[in-house]
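Counting with the numbering used here, you get residues -17 to 134 for the letters of the sequence shown.
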Amino acid sequence: MTTSLWGEQGQFPYEKMLQECLSGELRVVNAGLPRNQKTLTDLLQEEYPQVACSDGSVHFFKRKELECLANILDTDEQEVLLLPMLIELTGNETQATIICGGGEERKVVSKILDMPITCEKGRIMLYKPQLALLRKELKTTTQYVFSPKILQ
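Listed below in structure tokens is the structure:
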């Protein structure tokens, strides 16, 4: 009897098992993610801008960063931009992805990096040097999400 080396979705059994293990381990790494996001408008109105995290901790935003974002976006865009912006990191060592709910994230990233940016399929692809520049300016208004995607 011949057994196929391919599992579900064209993955080798080892790759599928590894992906399942990683997703379990990454729950621990991602435990500090916010339970929800808040709009820039709402955060600007709070005395101590913050969101609750899934591990019970609190994520605080620097007012300086919130004001920087407010200077980039118009009032309508401030009411839509959800913070923190999420940066997905996978096994790819050269790129990261910003999850883009709308054009607001694209506009912010484009302004901070001083270059045109595109959002495709709800994602903004950045190389690590670009990510470093973005995080330098927006450390508390962005947050990493570690993803178990090992196959690209």
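Every residue gets a Cβ at the ideal spot worked out from N, C-alpha and C, and that includes glycine.
Residue of the options minimising C-alpha distance to residue i
i           : options              : result
residue 84  : 65, 78, 94 and 76    : 65
residue 46  : 123, 127, 129 and 14 : 123
residue 190 : 14, 32 and 13        : Examination of residue 190 is not possible in this model, given that the chain is present from -17 through 134 alone.
residue 118 : 55, 44, 128 and 129  : 44
residue 37  : 18, 80, 82 and 81    : 18
residue 81  : 8, 98, 35 and 129    : 129
Residue i - DSSP class collapsed to helix/strand/coil
i           : result
residue 111 : helix
residue 117 : helix
residue 50  : helix
residue 106 : strand
residue 77  : strand
residue 89  : helix
residue 69  : strand
residue 64  : strand
residue 23  : helix
residue 124 : strand
Buried versus exposed, by CB contacts within 10 Å (16 or more), residue i
i           : result
residue 111 : exposed
residue 67  : buried
residue 42  : exposed
residue 16  : buried
residue 114 : exposed
C-alpha gap between residue i and residue j, whole angstroms
i          : j           : result
residue 70 : residue 125 : 9 Å
residue 53 : residue 63  : 13 Å
residue 14 : residue 96  : 30 Å
residue 49 : residue 10  : 32 Å
residue 51 : residue 86  : 10 Å
residue 94 : residue 105 : 17 Å
residue 55 : residue 40  : 26 Å
Inset, instruction - Please confirm if the region 56 to 64 is in contact with the region 79 to 97, defined as three or more CB-CB distances below 8 Å between the two stretches. - result: Using a C-beta cut-off of 8 Å, the region 56 to 64 makes contact with the region 79 to 97, since at least three inter-stretch Cβ pairs fall below that distance.
Legend entry - Three CB pairs or more closer than 8 Å across the region 95 to 113 and the region 70 to 82: The region 95 to 113 makes contact with the region 70 to 82; the number of CB pairs closer than 8 Å reaches 3 or more.
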